[in-house]
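The structure appears below as structure tokens.
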Amino acid sequence: MKHAASAAERPKQYNAVVASARLARLSLVTNEFRIFPEFASTDEKDRTLSYGGDLVECTFDETTGTVSGLLSWWVEARNGKKVTLRCASQYGIQYDGLTGHNADAARVFLERVGRFATYPYFRALTAQMSWESSAGLPPMPVLREGTPGSEATREVAPKTAKRA
Numbered sequence: 000m001k002h003a004a005s006a007a008e009r010p011k012q013y014n015a016v017v018a019s020a021r022l023a024r025l026s027l028v029t030n031e032f033r034i035f036p037e038f039a040s041t042d043e044k045d046r047t048l049s050y051g052g053d054l055v056e057c058t059f060d061e062t063t064g065t066v067s068g069l070l071s072w073w074v075e076a077r078n079g080k081k082v083t084l085r086c087a088s089q090y091g092i093q094y095d096g097l098t099g100h101n102a103d104a105a106r107v108f109l110e111r112v113g114r115f116a117t118y119p120y121f122r123a124l125t126a127q128m129s130w131e132s133s134a135g136l137p138p139m140p141v142l143r144e145g146t147p148g149s150e151a152t153r154e155v156a157p158k159t160a161k162r163a
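Last residue of the sequence shown: 163 (numbering that gives the first Met the number 0), numbering continuous.
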């Protein structure tokens, strides 16, 4: 059994994964889009939009040097507690080139970098679904480092909000 990395070793191990990892696969695995009749009858000022995402599955295969995961993203509109629109998708992602690397560092890499690799696809898919359904959702915000996952839901500004 391998020993846990020390605080000094962890950044080095992570940076080694960053230097070696190659994106091998990124694909949409599931998608659900639902719009309820109440969405159209809800005044935009009474609507709350929120989104989030999480790494829901992660495996590291030491033999093949691959880290694979499933990232889940969602956006929803609410009128009070009632969900009136929901788009939820999962993306499979895999990086290779990690033979001999630390499994924990590979997981942290997938958690951090996988979010940035998959989010633009979800953002584009949501925009497409919004257009096809005539929902008129505002563009989803750009994902930034430190943006929390679904454990800390982020609110999307309504399109009528003034931009700074």
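We put the beta carbon where it would ideally sit given N, CA and C, even for glycine.
This structure is a prediction, so every number in the text was calculated from the model and none was measured.
Discussion item. Is the separation between the beta-carbon of threonine 117 and that of threonine 83 shorter than 9 Å?
Written reply: no
Discussion item. Suppose contacts are defined by Cβ-Cβ distances below 9 Å. Is serine 71 in contact with leucine 54 by that definition?
Written reply: yes
Worksheet item: Since asparagine 14 is in the alpha helix (DSSP H), which residue starts that stretch and which ends it?
Response: 8-19
Worksheet item: Is the CB-CB distance between alanine 20 and valine 74 below 9 Å?
Response: no
Fill in: phenylalanine 121 and tyrosine 90 closer than 9 Å at C-beta
yes
Worksheet item: threonine 83 lies in the beta strand (DSSP E); which residues open and close that run?
Response: 81-95
Practice prompt. Look at threonine 252 and glycine 68 and say whether their C-beta atoms are less than 9 Å apart.
Written response: Past the edges of the chain, shown from 0 to 163, lies residue 252, and the structure says nothing about it.
Worksheet item: Who pairs with tryptophan 73 in a beta bridge, going by DSSP?
Response: Gly51 and Ala87
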